[in-house]
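Before any comments, here is the structure.
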Amino acid sequence: MSRCTYPWTVTQYLPSSLAGASAFPDAVPARTPGAVAVPGKKILLAAPRGYCAGVDRAVDAVEKALAHYGPPVYVRKEIVHNRFVVDTLSQRGAIFVDETDEVPEGARVVFSAHGVSPAVHAQAAARNLATIDATCPLVTKVHKEAVRFASGDYDILLIGHDGHEEVEGTQGEAPEHIQVVNGPHEVDQVVVRDPDRVVWLSQTTLSVDETMETVALLRQRFPNLQDPPSDDICYATQNRQVAVKKLAPRCDVVIVVGSANSSNSVRLVEVALEAGAGASYRVDSAAEVRPEWVADADTVGLTSGASVPEILVRDVVTRLGELGFGEVEEVRTATEDIMFSLPKNLRSDLKSAGERVDRPHRPRS
Ligand code: SF4
Numbered sequence: 003m004s005r006c007t008y009p010w011t012v013t014q015y016l017p018s019s020l021a022g023a024s025a026f027p028d029a030v031p032a033r034t035p036g037a038v039a040v041p042g043k044k045i046l047l048a049a050p051r052g053y054c055a056g057v058d059r060a061v062d063a064v065e066k067a068l069a070h071y072g073p074p075v076y077v078r079k080e081i082v083h084n085r086f087v088v089d090t091l092s093q094r095g096a097i098f099v100d101e102t103d104e105v106p107e108g109a110r111v112v113f114s115a116h117g118v119s120p121a122v123h124a125q126a127a128a129r130n131l132a133t134i135d136a137t138c139p140l141v142t143k144v145h146k147e148a149v150r151f152a153s154g155d156y157d158i159l160l161i162g163h164d165g166h167e168e169v170e171g172t173q174g175e176a177p178e179h180i181q182v183v184n185g186p187h188e189v190d191q192v193v194v195r196d197p198d199r200v201v202w203l204s205q206t207t208l209s210v211d212e213t214m215e216t217v218a219l220l221r222q223r224f225p226n227l228q229d230p231p232s233d234d235i236c237y238a239t240q241n242r243q244v245a246v247k248k249l250a251p252r253c254d255v256v257i258v259v260g261s262a263n264s265s266n267s268v269r270l271v272e273v274a275l276e277a278g279a280g281a282s283y284r285v286d287s288a289a290e291v292r293p294e295w296v297a298d299a300d301t302v303g304l305t306s307g308a309s310v311p312e313i314l315v316r317d318v319v320t321r322l323g324e325l326g327f328g329e330v331e332e333v334r335t336a337t338e339d340i341m342f343s344l345p346k347n348l349r350s351d352l353k354s355a356g357e358r359v360d361r362p363h364r365p366r367s
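For what it's worth, the numbering used here labels the leading residue of the sequence shown as 3, then goes sequentially.
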C-alpha cells in the first residue's frame with residue numbers, strides 16, 4: 003500500500019496506449035481550483051485497475067491502422083466496451099459497424115478484442131475484406147480449448163452471458179457442442195448426451211466467485227465434469243476483483259469507472275458489494291458521480307474496468323476532490339507487466355513499410 007496526494011504527474015498514471023497517444027487527451031487538471039479537502043475524507047484507489055493487455059493491444063491496433071493506412075478503418079463491434087474509447091477513435095476516422103456486411107467490399111476491418119466466430123471470418127473473406135484480428139490472445143486460448151474439446155466429442159458448458167460478443171465468438175467455434183450456462187440459476191436446465199464426457203469453459207470477464215458457484219452446482223449434477231486446462235477468467239479480471247475485494251470492506255462507497263456493456267466493470271460493482279462496501283456505483287465518467295452518493299462517506303473506493311483509460315479515473319479523482327476527498331491511498335494487490343504484440347497482418351504491413359512494430363512498455367496502474 004502506498005499513500006499519495008495530488009498532484010500526480012499525468013504520465014505516471016496513464017496506461018500504455020494513452021500515454022503520449024494523440025488520440026486521447028493526455029492531461030486533465032489535477033484538482034479543480036478552489037476544491038477544499040475535508041479532513042478524514044479519503045479515496046482508496048485500487049491497483050491494478052483499468053486497461054489490461056488485451057485492450058491496450060486492441061486500441062493500439064486501431065490507432066496504428068489509422069496512422070498507417072489512413073482513415074477510414076472499419077471496426078466490427080466496439081473495439082473494447084468503453085464509450086469514451088469508441089467515441090475518440092470515431093473522431094479519428096474509425097467507423098464502427100455491427101456486422102461485416104456493412105463494410106464496403108475490399109475495405110479494411112478490425113475485429114474487436116472480444117473475438118469473432120469462424121463464420122465471421124468466412125463472411126469477411128467472402129467480401130474480400132482485409133482483416134486485422136485484434137482478438138485478445140486470452141480469448142483465442144478459450145476458442146482453441148472449445149475446438150479441442152469439440153473434436154473429442156465433449157459437451158461443452160460455456161459459463162457466460164448469452165448475447166455477449168465474446169460468448170457468441172466462442173460458441174461459434176463449435177455450436178453443435180456448446181451450450182451457454184448463464185449462471186447458477188441455469189444449472190438445473192442443462193442437458194448433456196453423456197455425463198462422463200462434459201467439460202466447462204467460461205467467458206474471460208466473469209465474477210470468479212459466481213463462476214465457481216456455478217461449477218460446484220454443475221459438478222453435483224455431473225461428478226465427472228472436466229475442468230478447463232487453465233483459468234479461462236483472465237488474469238486482468240481476477241486481479242481487478244482481488245484489488246476491489248481488499249479495499250471494499252474499508253469503504254462507505256465504491257465507484258467503478260466503466261461502461262454499462264463492460265462485463266468486467268459490472269462485475270466489479272457486484273464484487274465490491276459482496277465484499278462489504280456500503281454501496282457501489284458504476285459510472286462512465288466523472289460527470290455521472292452524484293454528490294449525494296458520497297455526502298456522508300468518509301472513505302470512497304475507486305477502481306475501473308479493463309477497458310477504461312486512466313484519464314477517466316483521474317477525472318473521477320478530481321471530481322471527488324471537489325467534493326472534499328483530498329487524500330488518495332493506493333491499495334495494490336498485484337503488479338501487471340503483460341504485453342501482447344500487435345495483430346499479425348498489421349505487424350507485417352508495418353514491418354514491410356519500415357515502421358516500428360515494437361510497443362513501448364509502460365507500467366500499468
Ligand atoms: S479482459 Fe482479459 S480476456 Fe479481455 S481483453 Fe483484457 S486481458 Fe484479454
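Ideal Cβ placement from N, Cα and C applies to all residues, glycine included. The structure presented is a predicted model; accordingly, all values stated were derived computationally and were not measured.
Residue i versus residue j: straight-line alpha-carbon distance, rounded
| i | j | result |
| --- | --- | --- |
| Arg-199 | Ala-308 | 34 Å |
| Ala-96 | Arg-284 | 27 Å |
| Val-318 | Ala-39 | 15 Å |
| Val-144 | Val-201 | 12 Å |
| Val-399 | Ser-153 | Any question about residue 399 goes unanswered here, given that the chain covers just 3 to 367. |
| Asn-184 | Thr-213 | 10 Å |
| Val-246 | Gly-326 | 22 Å |
| Ser-92 | Pro-74 | 9 Å |
| Cys-253 | Ala-281 | 8 Å |
| Ala-289 | Arg-321 | 8 Å |
| Lys-353 | Arg-316 | 35 Å |
| Arg-129 | Leu-68 | 21 Å |
| Gln-191 | Tyr-76 | 40 Å |
| Trp-155 | Pro-231 | It should be pointed out that residue 155 corresponds to Asp in this sequence rather than to Trp. One C-alpha to the other measures close to 16 Å. |
Heavy atom of the ligand SF4 within 8 Å of residue i beta-carbon
| i | result |
| --- | --- |
| Leu-140 | yes |
| Val-57 | yes |
| Val-38 | no |
| Val-82 | yes |
| Cys-54 | yes |
Whether residue i touches residue j by CB criterion (9 Å)
| i | j | result |
| --- | --- | --- |
| Leu-208 | Ile-180 | no |
| Thr-137 | Gly-165 | no |
| Thr-2 | Ala-48 | This structure cannot settle anything about residue 2, because the visible part of the chain is limited to 3 through 367. |
| His-123 | Ser-267 | no |
| Ser-265 | Glu-338 | no |
| Ala-109 | Ile-340 | no |
| Ala-274 | Val-258 | yes |
| Val-359 | Ser-343 | yes |
| Thr-172 | Gln-205 | yes |
| Val-141 | Ile-161 | no |
| Pro-50 | Arg-242 | yes |
| Val-64 | Val-99 | no |
Closest by C-alpha distance to residue i, when choosing among the options
| i | options | result |
| --- | --- | --- |
| Val-88 | Ser-114, Val-149 and Gly-174 | Ser-114 |
| Lys-346 | Arg-195, Thr-133, Glu-276 and Arg-321 | Thr-133 |
| Glu-175 | Ala-148, Glu-168 and Arg-316 | Ala-148 |
| Ser-367 | Val-169, Glu-324 and Val-310 | Val-310 |
| Val-189 | Arg-195, Ala-218 and Thr-172 | Ala-218 |
| Glu-329 | Ser-350, Thr-301 and Ser-354 | Thr-301 |
| Thr-90 | Val-333, Ile-313 and Leu-348 | Ile-313 |
| Asp-233 | Val-210, Val-244 and Leu-348 | Val-210 |
| Asp-58 | Val-194, Ile-81, Pro-225 and Tyr-76 | Ile-81 |
| Ser-287 | Lys-79, Phe-86 and Asp-157 | Phe-86 |
| Tyr-53 | Tyr-76, Gly-260 and Ala-297 | Gly-260 |
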